[in-house]
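Residues in the sequence shown are numbered consecutively from -13, following our numbering. Input: a single structure, listed below in structure tokens.
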Amino acid sequence: MHVKKSKELDDNSPTKNDIKDAKVIAQLVKDGRYAVPSLPQGIYAELREAMKLGMQICHSNAELLFTTALASPCVG
């Protein structure tokens, strides 16, 4: 569970400060309310990286099309 959500559940206040964050994190660890991240290995790590690169390429292409359209309204 994320610290922000835990803060809101514990005291019904979404306010943010470092002291409160530290207390919330300490309480989460003490109560065992955390998850150990699982990082993919082998082919799954490669697939994850390929998907990330594919999304970056799509984003770059969209940016390029947008800036080209702004520079020249005739391009479409």
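Glycine included, each C-beta is placed from N, C-alpha and C at the ideal position.
Checklist entry - What three-state label does DSSP hand Q42 in the structure shown? => result By 1-based counting over the sequence shown, the position of residue 42 is 56. DSSP places Q42 in helix when its eight states are reduced to three.
Checklist entry - Thinking just about the alpha-carbon of each residue, which of R34, G40, T53, D4 is nearest to the one in S24? => result As a first step, residue 24 is located in the sequence shown; it is residue number 38 there, counting from the start. Comparing Cα positions, the closest option is R34.
Checklist entry - Alpha carbon to alpha carbon, how far is A36 from Q27? => result By one-based count along the sequence shown, residue 36 stands at place 50. By one-based count along the sequence shown, residue 27 stands at place 41. Approximately 13 angstroms between the Cα atoms of the pair.
Next on the checklist: Please list the terminal residues of the continuous alpha helix (DSSP H) segment that includes L14.
Outcome noted: Mapped onto the sequence shown, residue 14 falls at position 28. That run of the alpha helix (DSSP H) goes 4 to 17.
Next on the checklist: Quick check on the burial criterion: 16 or more other C-beta atoms within 10 angstroms. Buried or exposed for V22?
Outcome noted: Locating residue 22 in the sequence shown gives position 36, counting from the first residue. Result: exposed.
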